[in-house]
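Structure first, commentary second.
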Amino acid sequence: MNPAVQKKTIENTKPVLSVLIDNSASTAFFKEEEKVKTILEELETNVPLNTKFELSYFSFGASVNVKDSLTFDAPVTAISEGITAINKLYKNKKGALVLLSDGNQTAGSDYEFVGSKMPISPIVLGDTVNYSDLQIRQLNVNKYSYLKHQFPVEVHLFYKGVVPISTVFRIEKKGKTIFKQQVRFSASEKSKTIRTNLTATKEGINFYKASIEAFDTEKNTKNNVKDFSIEVIDEQTKIAVISAILHPDLGALKRSIEKDKQRTVDLFSVKNKNIQLNDYQLFILYQPNNNFNNLFKELKTLKSNYLVISGSNTDWPFLNKQQLGFSKNAIAQTENYMANYQFSFQPFLQKDIGFNNFPPLKDQFGEVLLSTENHVLLKQRVFGVASEQPLLATFEQNNQKSAVIFGEGIWKWRAANYLQSNSFEGFDEFTGNLVQFLASNSKRKRLEVSLESLYLSNVPIRISAFYTDKNYQFDPRASLLFSVTNTVTKEQQEFPFSLAHNSFQVTVENLSPGSYQYTVTVEGQKSMDSGVFLISEARIEAQFTKANTTKLNRLAKSTGGKVYHSTEILELVDDFVDNEDYATLQKTVLKKQALIDWKWVLALLLMLLTIEWFVRKYYGKI
0 MNPAVQKKTI ENTKPVLSVL IDNSASTAFF KEEEKVKTIL EELETNVPLN
50 TKFELSYFSF GASVNVKDSL TFDAPVTAIS EGITAINKLY KNKKGALVLL
100 SDGNQTAGSD YEFVGSKMPI SPIVLGDTVN YSDLQIRQLN VNKYSYLKHQ
150 FPVEVHLFYK GVVPISTVFR IEKKGKTIFK QQVRFSASEK SKTIRTNLTA
200 TKEGINFYKA SIEAFDTEKN TKNNVKDFSI EVIDEQTKIA VISAILHPDL
250 GALKRSIEKD KQRTVDLFSV KNKNIQLNDY QLFILYQPNN NFNNLFKELK
300 TLKSNYLVIS GSNTDWPFLN KQQLGFSKNA IAQTENYMAN YQFSFQPFLQ
350 KDIGFNNFPP LKDQFGEVLL STENHVLLKQ RVFGVASEQP LLATFEQNNQ
400 KSAVIFGEGI WKWRAANYLQ SNSFEGFDEF TGNLVQFLAS NSKRKRLEVS
450 LESLYLSNVP IRISAFYTDK NYQFDPRASL LFSVTNTVTK EQQEFPFSLA
500 HNSFQVTVEN LSPGSYQYTV TVEGQKSMDS GVFLISEARI EAQFTKANTT
550 KLNRLAKSTG GKVYHSTEIL ELVDDFVDNE DYATLQKTVL KKQALIDWKW
600 VLALLLMLLT IEWFVRKYYG KI
C-alpha cells in the first residue's frame, strides 16, 4: 500500500509584451536617443501595464540582444531579424510586440512580409515630415586599372523633391578637384547618371571622394558623399590556355581568371604554331598528349611557369617522360576524385571555400608519384575515403614554378560554388591565388598580409597574415603585430595577431574614419609588410530623411497592431491595459503525491506512535 494525497495548485500566466528597440545609428541621426529613454522609463514604471503583462526588452541592429545599455551605434538596421527572433522566443505564449523604430531597414529581408503571430504596434521614431534631399545612390568603379590608362566611373544621383535645383557634382583626389559637372533636378527629373573616365597617374592604391554639393535647405548631407578607391598596376598578366580538345573547363577558367581585370586569357589549340610564347607569363596545359612535345621543350628552355590539368584524354605515358616532378601509373579506366582540403598548405594563403563539398574531378585511375619537392593543397577522396594521393600540388624548382590538377571537370566546382554562396567569388579567388603564385617570378616573401584598401566605419576589419621560416615552412611560433597610425592625428595603435590554422588573424574595431598607414612586424625578425588603407564614414544609416511611416502602418495593419507616435505613449499604455484580448491565464494543476514523500507527516506519525507506545507501556506497568 502506498497512500497518496491530491494537491491542487493554480498557476497564473500573464501575457507577454515584448519591447523591441532600434539600437542603430539612425536613431542617433534623428536625435531620438532621449525620447527612447523617456518612452522606456514610462513603460518600465507604469504599474497597471506591468501588473497585466510580463514585459521583456530587446535591442537590435544587425542582430537581436536582450536590452542592456543602448548605444545607438549599430551600423545596420535589420528589423526582420528582431521580429523573427521574438516570435521564435515566445511562440507558445500569448502576447504582443511593441517596435520602437524609424522603419528604415538597411539589412535583412523585408520586415513587412516576414510574418508575425504576434500583433505588432510600432512607435514611430524620427521625423515624419517630407524633406527635399540629394543623395549619391550608387557608385560603380573597377577594382584595378593600369598606369597611365583611363578607368570608367559611373555615379547614380537621386533627388527627392519638387522644386527645381541646380548643383555641382565633383570627384576629388587628395583635396583637389579632378572632375566636376553641373547637374539639374526637378519634379520630372529626379535621377541622373554621370559617367566619366579618370586617368590612373600613380601606381598603388589611390583614394577618391565623390560628392554632390548640398542645396541651401538640405537637412541630410551625409548621403551626399561617397569614398572609393582603385589599385593602379604597372603591368598586366597574360595567360595562355593550350589544349588539344574542346572542354567546358576552358571557358570556365577564362571567365574565372579574367574576373581580375589585370589578367587576360587567350585560348589556343596545341596545333597552333604561331603562339608568341614570350608574350605570356603563365601557361595552362590542358590534358597534354604527344602534340605538346615541342611546347614542353620550349617552356623548359624559357623556364616558363605552367599549370597542367589532366583528365580522361591525357596521354600519361607521354607526360611521364617529360620529368615534370610528377608521374602516374595510369590504366585505361577513369575514376572520380573528390577533394580533401589541407590546412598545412604553405606556398600561398588559400582559405577553404568548401572544396570537400565540390563535385568530383575525373581522371584516369592510377597511383600518383611526386618526385621533387612539392606542396599539396588538395588530396584525393575516393568514395568518401581520404587518401594520401594528391589532387592539386605545386612545385618550385630551378626558378621555375608549376602546378598540377589531377582531374577534369573544374567547371563544376565554379558552378557548385555559386550554388553554395550565390556567388562565384570563392572559386574566382581560388583561381586568382593560384595564378598569382604561378605567374610571379619574384622571390617569395616570408611574410604575406591580406587586407582591403577601403573599409566602412563601425564594421570590423579582419586581417590575415602568413609567415614562414627560412625554409618557407609555415612558422606557428611567430609573434606578429599589426600597427596602425592615423595619418592626420598621428595616433598609433597596436594589435597582436592570433594563430588560426595555417595563418595569423587579427580583428580591428572602433577605428574612426580617416586614412591609416599600417605595418605588420614579426618579433625578433626583419620581415615586415606595410601599406595604407582608408576607413570611410558609414553613412548607410544616414541615407533617410524621414521615418518610413507608410511601411510601419502596413506592418501594424497586417499583424493586427496599431501605429503610435512618440507622443502617444499614454494612449498605447491605456490601449494595452484596457484590451480584454490580453488576460492572465489561470490553470489548475492537480498533483497526486505519495504520502511517503511527505517527510514531515511521516515524522509526525512516527512521533505519535512512539508516544502511544510509551504511554501504553507505562500504564500497563501500573
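Number 362 in numbering that gives the first Met the number 0 belongs to position 363 of the sequence shown; there are no gaps in the numbering. By construction, the Cβ of each residue, glycine as well, lies at the ideal position given by its N, Cα and C atoms.
Item to check | Nearest neighbour of S309, chosen from I404, G559, S565 and I534 [CA to CA] | outcome: I404
Item to check | Proximity below 9 Å, CB of I78 to CB of T558 | outcome: no
Next on the checklist: Using CA atoms only, rank isn't needed, just tell me which of N355, Q396 and S144 is closest to Q235.
Outcome noted: S144
Item to check | Sequence-distant residues of the same chain with beta carbon closer than 8 Å to I621, five excluded per side | outcome: A caution first: I621 carries a pLDDT of 45, below 50, which makes its placement in the model unreliable, though a value can still be read off. Taken in chain order, the list of residues that qualify is empty.
Checklist entry - For K327 versus Q363, is the C-beta spacing smaller than 9 Å? => result yes
Item to check | Given V46 as reference, the closest of F394, F282, F575 and A106 once Cα atoms are compared | outcome: F575
Checklist entry - Taking C-alpha atoms, which residue in D101, F429, F423 and L276 lies nearest to K550? => result D101
Checklist entry - Going straight from the alpha carbon of A73 to that of E536, what length do you get? => result 13 Å
Next on the checklist: Less than 9 Å between the C-beta atoms of L479 and E508, yes or no?
Outcome noted: no
Item to check | Assumed close pair S242, V269 - CB separation to whole angstroms, cut-off 8 Å | outcome: 7 Å
Checklist entry - Which residue comes first and which comes last in the alpha helix (DSSP H) that contains Q322? => result Note, Q322: premise wrong, no alpha helix (DSSP H); not H, not E.
Checklist entry - Roughly how many angstroms lie between the CA atoms of T506 and R476, to the nearest whole one? => result 20 Å
Next on the checklist: Please give me, in chain order, every unbroken run of the beta strand (DSSP E) with length at least 3 that falls completely inside the stretch 188-237.
Outcome noted: 190-198, 203-211 and 224-232
Next on the checklist: Taking the beta strand (DSSP E) that A402 belongs to, which residues open and close that run?
Outcome noted: Q399 to F405
Next on the checklist: So, for M606: in the same chain, excluding its five sequence neighbours on each side, which residues have a beta-carbon less than 7 Å away from its beta-carbon?
Outcome noted: none
Checklist entry - Considering only residues of the same chain and omitting the five flanking positions on each side of V572, which have a CB-CB separation below 7 Å? => result N45 and L48
Item to check | Complete alpha helix (DSSP H) runs within the stretch 408-462 (minimum length 4 residues, chain order) | outcome: 409-420 and 424-438
Item to check | L124 beta carbon less than 9 Å from that of D265 | outcome: no
Next on the checklist: Taking only three categories from DSSP, how would you classify P247?
Outcome noted: helix
Checklist entry - How should E111 be labelled, buried or exposed, when 16 other C-beta atoms within 10 angstroms of its C-beta is the threshold for buried? => result buried
Checklist entry - If you run the structure through DSSP and keep just helix, strand and coil, what is S303? => result coil
Next on the checklist: Can you tell me whether G81 is helix, strand or coil according to DSSP?
Outcome noted: helix
Item to check | Three-state secondary structure assigned by DSSP to F86 | outcome: Reading off the sequence, residue 86 comes out as Asn, not Phe. Here N86 sits in helix by DSSP.
Checklist entry - So, helix, strand or coil for F28, using DSSP? => result helix
Checklist entry - How many Å lie between V531 and R445 at the Cα? => result 20 Å
Next on the checklist: Is it buried or exposed, W612, if we count other Cβ atoms within 10 angstroms and call 16 or more buried?
Outcome noted: exposed
Checklist entry - For V162, does the three-state DSSP call read helix, strand or coil? => result coil
Item to check | Pairwise C-alpha distance: K142 and I539 | outcome: 21 Å
Checklist entry - Just how far apart, CA to CA, sit S529 and K179? => result 33 Å
Checklist entry - What is the residue span of the beta strand (DSSP E) that T518 lies within? => result G513 to V521
Next on the checklist: Out of L306, Q261, L298 and K556, which one is the CA nearest neighbour of L249?
Outcome noted: L306
Next on the checklist: Contact defined as beta carbons within less than 8 Å: I believe N626 pairs with Y515. What is the distance between those atoms, to the nearest angstrom?
Outcome noted: Absent from the model: residue 626. The displayed extent of the chain is 0 to 621, so no value can be given.
Next on the checklist: DSSP has L391 in a bridge; who is on the other side?
Outcome noted: L377 and I404
Checklist entry - How should G203 be labelled, buried or exposed, when 16 other C-beta atoms within 10 angstroms of its C-beta is the threshold for buried? => result exposed
Next on the checklist: Report the CB separation of F481 from V519 in whole angstroms; it is logged as a contact under 8 Å.
Outcome noted: 6 Å
Item to check | Three-way DSSP call (helix, strand, coil) for Y466 in this model | outcome: strand
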